[in-house]
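Take a look at the structure below.
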Amino acid sequence: SQPNFTIITMGDENTTEEYGRPRRPNPETVSYLRGLPLEETLAAEQARTYIQYFQAEKKGYDKSKEHNDDPPEYPALVSATHAALSSIYKELASLSCEENSSTQIETLVRIACR
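Its first residue numbered 5, the sequence shown is counted upward by one per residue in our numbering.
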């Protein structure tokens, strides 16, 4: 018999459900994770550029110059990372059991936290 775990939800309602071992990861999801371009340094650079633009604008550093530059786009790698995490969130338990997938997930989380 598998152990029961009690889950406390946001409404303080207690429910008891049975959970077993995580299933094997879906091979399509594993392939998807391996195919992601996970470049942390580029993601950090994109995020830094985006944030610095708005910090400078907020502080008024560029008021002496005419400000014709368009604001930078939201960092593409950060957006892609958020999309990837939202598409695999239901499979995190099974993916974390596989070494390569868990490494990819760690990288996704680091990029998403930029």
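We put the CB at the ideal spot given by N, CA and C, even for glycine.
This structure is a prediction, so every number in the text was calculated from the model and none was measured.
Per-residue burial, Ile115 [other beta carbons within 10 Å of its own, 16 or more giving buried]: buried
Return the chain-ordered list of same chain residues with a C-beta closer than 6 angstroms to the C-beta of Leu37, the five sequence neighbours on each side being excluded. Correct list, in chain order: Ser105 and Gln108.
I'd like to know whether the C-beta atoms of Ser98 and Arg27 end up nearer to each other than 7 angstroms. yes
Among Ile55, Ala88 and Ala60, the one whose alpha carbon lies nearest that of Gly39: Measuring from the Cα of Gly39, the nearest candidate turns out to be Ala88.
In whole angstroms, what is the alpha-carbon distance linking Tyr57 and Ser83? Rounded to whole angstroms, Tyr57 to Ser83 spans 18 angstroms at the Cα level.
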